[in-house]
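J.: Under the working numbering, the first residue of the sequence shown carries the number 163, and numbering increases by one thereafter.
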Amino acid sequence: MKGIDAFIDTDTEEARQKYGKPLTIIEGPLMDGMRVVGDLFGAGKMFLPQVVKSARVMKKAVGYLQPFMEQEKAELVAAGGVAKAQGRIIMATVKGDVHDIGKNIVGVVLACNNYEVIDLGVMVSCEKILTAAKEKGADVIGLSGLITPSLDEMVHTAKEMERQGFKIPLLIGGATTSAAHNAVKIAPHYSEPVIHVLDASRVIGVVSQLLNPDNKPKFVAETRAKQEKQRVEFADRKGARKMLPLAEVRNRRQPTDWTTVEIPKPEFIGTRAFTTDEAVIRAQRTNVRGQGNQALNSQLSAFNLSEIADYIDWGPFFSSWELHGRFPDILTDEVVGTEATKLYADAQAMLKKIIAEKRYTARAVLGFWPANSVGDSVELYADESRTTVIQTFHFLRQQNEKTPGQFNHCLADYIAPKSSGRADYLGGFAVTTGHGVEEFAKTFEANNDDYGAIMAKALGDRLAEACAELMHKKERDYCGFGKTENLEMRDIIREKYLGIRPAPGYPACPDHTEKPPLFALLNATEFTGITLTESNAMHPPSSVSGHYFNHPDSKYFAVGKLSQDQVEDYSARKNLPVAACEKWLGPYLDYDTD
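1) Within 10 Å of its beta-carbon, does Asp419 have 16 or more other beta-carbons around it, so buried, or fewer, so exposed?
2) Please give the ranges of any alpha helix (DSSP H) in the segment 188-253, keeping only runs that are unbroken, at least 4 residues long and fully inside the region.
3) For Ser353, does the three-state DSSP call read helix, strand or coil?
4) Pull up the CB-CB distance for Ile431 and Leu625, whole angstroms please, since I reckon it's below 8 angstroms.
5) If you count every other CB in all the chains shown that lies within 10 Å of the CB of Phe602, and 16 or more means buried, which is it?
6) Three or more C-beta pairs closer than 8 angstroms, one from the segment 709-725 and one from the segment 311-319: is that the case here?
7) Alpha carbon to alpha carbon, what distance is there between Ala511 and Leu542?
8) Start and end of the alpha helix (DSSP H) containing Thr594?
9) Let me confirm a value: Ala286 is counted as buried when at least 16 other C-beta atoms fall within 10 Å, else exposed. Which label applies?
10) When you compare each of Ala383, Ile330, Met617 to Ile252 by their alpha carbons, which one comes out closest?
11) Pro211 and Glu501: beta carbons closer than 7 angstroms?
12) Could you compute how far the alpha carbon of Ser697 sits from the alpha carbon of Ala665?
13) According to the Cβ coordinates, are Phe443 and Ala471 closer than 7 angstroms?
14) Starting from the C-beta of Thr565, find all residues in its chain whose C-beta is less than 8 angstroms away, skip the five residues before and the five after it, and write them out in chain order.
15) With respect to the alpha helix (DSSP H) encompassing Glu401, which residues constitute its N-terminal and C-terminal limits?
16) Who does Thr255 pair with in a DSSP beta bridge?
17) Can you find the residues in the same chain that come closer than 6 angstroms, C-beta to C-beta, to Gln453, ignoring five residues on each side of it along the sequence?
18) Spatial neighbours of Ala457 within its chain, please: CB distance less than 6 angstroms, with the 5 preceding and 5 following residues excluded, ordered by chain position.
19) Helix or strand or just coil, what does DSSP make of Tyr506?
20) Compute the beta-carbon to beta-carbon distance between Ser312 and Gly258, rounded to the nearest angstrom, for a pair I have assumed lies under 8 angstroms.
21) Taking the alpha-carbon of Val411 as reference, which of Asn570, Lys347, Phe479, Glu440 has the nearest alpha-carbon?
22) Output the boundary residues of the beta strand (DSSP E) element that contains Arg525.
23) As an exercise, report each continuous alpha helix (DSSP H) stretch of at least 4 residues that is fully enclosed by the segment 540-625, in chain order.
24) Does Ala177 pass the burial test, meaning 16 or more other C-beta atoms within 10 Å, or should it be called exposed?
25) Below 8 angstroms on the Cβ atoms is my contact criterion, and I expect Gln392 with Ala345 to pass it. Report the Cβ-Cβ distance as a whole number of Å.
26) Can you tell which of Thr594, Lys619, Ile655, Trp476 has the C-alpha that lies nearest to the C-alpha of Glu688?
27) Using the three-state DSSP reduction, which class does Gly335 fall into: helix, strand or coil?
28) Could you name each continuous alpha helix (DSSP H) segment of 4 residues or more that falls completely within the segment 642-722, going from the start of the chain to the end?
29) Short of 7 angstroms in beta carbon distance, which residues of its chain neighbour Lys745, apart from the five on each side in sequence? Order them along the chain.
30) For my contact list, Lys645 and Asp653 are in at a C-beta cut-off of 8 angstroms; report their separation, rounded to the angstrom.
31) Can you give me the C-alpha to C-alpha distance between Gly152 and Ala236, rounded to a whole angstrom?
32) Going by the DSSP bridge assignment, what does Gly432 pair with across the sheet?
33) Cα-Cα, which of Ala509, Leu467, Glu496 is closest to Phe479?
34) Taking just the CA atoms, how far does Cys671 sit from Leu767?
35) Given 8 angstroms as the limit, is there contact between the segment 164-174 and the segment 212-225, that is, 3 or more CB pairs closer than that?
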């Protein structure tokens, strides 16, 4: 229960000598201990890092007993017996999505409670998930996803489960999911229970009810009643929400006096790249001396993980471990402070190791281009003559009715209109600290250490966001005003500076299909090694990309729901079929497409 594994082999061998049969140890003292851990976690008296550490002890003990278990299992089978888990659960991150930290945590918690977890990994197709469920005789299927296109894949899986006659529950989880979306968009497509699981602390309560024949009917009936209420509330909100015509909200844009506003001019046009890979830097110098591709290589600069780590925002790190509070106050919190302090110390120790041993490679590219807005789109030009358009980014505008004095925002409003005659610029970036993360995590997994593996991935994500923050600082410096902003690190992390860096696929620009043109413009895959999946998720997962806007009034906002007139206008601007745009913008539509 304390999660101490320093003497696990010695302790486990002592237990084996005492109890004789390895399965007796697992089903006895080990599972007894994990049941207590699970109960305390469910009651809010134990926290996720403690649970994962306890699971590490369990897995290492089982790993030690494995050779002895094989012989015992053979004897059990010969005698007609079997060691049975509480239930068998197939888990996967859906096709096109690469994020798995949350899924992995849920898997650990389930395994702690004697459920057999078969984790299919990331970017798993519906066909593979359902085939595995049939072959393994799964009792439950769990789907996870982080990006919005994953929601469509979950709907598709639910429909396929119905078509193929599955009779087992479907669990839905991940950052992009919600109970309301599940009730409205996923659950209606499958006759069996479709349950949204908010986080790891809820999963045992849900699964235990679903797999208990006595409790299941009442639990399912209550869940379906809640989902029906959510559908009614959704319909009521939809009916009460007033959406304005596109032409009207365009007249309600945030005003800017383009004759007087100061527009920062970057030091260069084009791209500059950065890497912590010393071999790449040495190769650059060789190429330049040898008259190699100097135009490409001379853009490459060195930076280091220590510099990046200074920009880490630790708040989301604690949230990923389900410890909530503002850093550094969380370290002295009356409820979670003790565990948060231990977690932070472990994170610092691992971060020090990552940096010292150069476990992760960071790569980044940023760029600037002459730009002007044309309606709700932004044209980028080859040079300052502004005669050749090399790329156009298409943005969306808020359409919900606002209170008087509020504006209906669109990112294009932050770039000077072509008709103004003012020379403006749009920046872009792509960064990753993901090269090496998976390999480092696997060193822990090979030692049955889920705590270390999850920590390694969580730090990879934090470093990626820190790298994006560092690049944004460089961007402001390249534009001049960053050199005089005089902000402390805590103010930078709290984004108390001029400018924003919205990411395609997120609230201010929710369409993930705007990512490929950004990558093409930045030559991001060559510079950073980041690739895009079919759902336009970035791989490796610890990666971030987006645009730079330096308008003095720029701010983050959520586009919200979209009416059909805007989607039709958007499809015309992008030269894509309306149905294709509706597919990518599905969660944001204010109308039904079925």
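Every residue gets a Cβ at the ideal spot worked out from N, C-alpha and C, and that includes glycine.
T.: According to the structure data:
1) Exposed, because fewer than 16 other Cβ atoms sit within 10 Å of the Cβ of Asp419.
2) 193-204, 210-240
3) coil
4) The Cβ separation is near 29 angstroms, so there is no contact.
5) buried
6) no
7) 45 angstroms
8) First-last for Thr594: 586-597, but that is the beta strand (DSSP E), not the alpha helix (DSSP H).
9) Checking the displayed sequence, the identity of residue 286 turns out to be Val instead of Ala. Label assigned to Val286: buried.
10) Ile330
11) The answer is yes: Cβ separation under 7 angstroms.
12) 15 angstroms
13) According to the sequence shown, residue 443 is Ile rather than Phe. In this structure, Ile443 keeps its C-beta atom at 7 angstroms or more from the C-beta atom of Ala471.
14) none
15) The amino acid at residue 401 is misidentified as Glu; the sequence shows Gly. Where Gly401 is concerned, the enclosing alpha helix (DSSP H) stretches over 378-402.
16) Ser306
17) Residue confidence is low: Gln453 scores 42 on pLDDT, short of 50, so the model does not pin down where it sits. Its coordinate-derived value is still stated next. Closer than 6 angstroms at Cβ, skipping near neighbours: no residue.
18) Unreliable positioning characterises Ala457 in this predicted model, as indicated by a pLDDT of 41, which lies under 50. The coordinate reading is nonetheless provided below. Closer than 6 angstroms at Cβ, skipping near neighbours: no residue.
19) helix
20) At roughly 7 angstroms, the Cβ-Cβ gap stays under 8 angstroms, so Ser312 and Gly258 are in contact.
21) Asn570 is the residue among Asn570, Lys347, Phe479, Glu440 whose C-alpha sits nearest the C-alpha of Val411.
22) 523-536
23) 599-607
24) buried
25) 4 angstroms
26) Thr594
27) Note: Gly335 maps to strand in three-state DSSP.
28) If we require 4 residues or more, the alpha helix (DSSP H) runs fully inside the segment 642-722 come out as 651-655, 677-684, 686-690.
29) Asp314
30) At roughly 16 angstroms, the Cβ-Cβ gap does not stay under 8 angstroms, so Lys645 and Asp653 are not in contact.
31) The question about residue 152 has no answer here: the residues shown for the chain are numbered 163 through 756.
32) Phe530
33) Ala509
34) Only positions 163 to 756 of the chain appear in this structure, which leaves residue 767 out of reach.
35) Segments in contact, yes.
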